[in-house]
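Numbering (our numbering), first residue to last: 154 to 318.
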């Protein structure tokens, strides 16, 4: 269980992020068209998993915009923006913002992605949502980098995350 803060107040996650060097666990997440995406759908591609509580907060929106710009410059890499938001909200946000270089995926059904990867918020007002974190995975599915952002209101270290690719 990781200890993080929300507005300086301590909260906890359901576990720890995957260890660097391990394989990312398979997942089933919902795409904007309501079809299911799995890890194998992205086989052979580097992945930057931008994970956050909700697209409708300022910091989360900034992270999606930042990774949208960065993703356009990366070879053989996709940015997956993952939250518990409904796919409709994710699609609305990206359409309104002109964001085209990221893949939005929703864990709204059962939160299994958050639970499996130890990033579900376990207590506090955001309990059940995902914490803000980054997981970078290489084309073979091995975890290269993880970052659990210690204060939910802060942005992740984009440069460090992208530097491993």
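For glycine and all other residues, C-beta sits at the position ideal for the given N, C-alpha and C.
Per DSSP, the continuous alpha helix (DSSP H) segment holding residue 265 begins and ends at 265-269. Counted as a single uninterrupted DSSP element, the alpha helix (DSSP H) harbouring residue 315 occupies residues 311-316.
In this structure, the CA atom of residue 243 is about 7 Å from the CA atom of residue 208. Counting along the chain, residue 166 sits inside no beta strand (DSSP E), nor does DSSP assign it H or E at all. Going by DSSP, residue 293 is part of no beta strand (DSSP E) at all; its letter is neither H nor E. Around the CB of residue 241, fewer than 16 other CB atoms lie within 10 Å, so the residue is classed as exposed. Following the DSSP letters along the chain, one finds residue 231 inside the beta strand (DSSP E) bounded by residues 230-236. The Cβ neighbour count for residue 163, taken over all protein chains shown within 10 Å, is under 16; the residue is labelled exposed.
In the DSSP annotation of this structure, the continuous segment of the beta strand (DSSP E) that includes residue 181 starts and ends at 181-183. The beta carbon of residue 161 sits closer than 8 Å to the beta carbons of 304 from its chain, once the five residues preceding and following it are set aside; these are given in chain order. For residue 257, the number of other beta carbons within 10 angstroms of its own is at least 16, and it is reported as buried.
Distance from the Cα of residue 200 is smallest, within the candidate group 302, 189, 235, for 235. In the three-state DSSP reduction, residue 172 falls in the coil class, being neither helix nor strand.
In the structure shown, residue 222 falls within a helical segment according to DSSP collapsed to helix, strand and coil.
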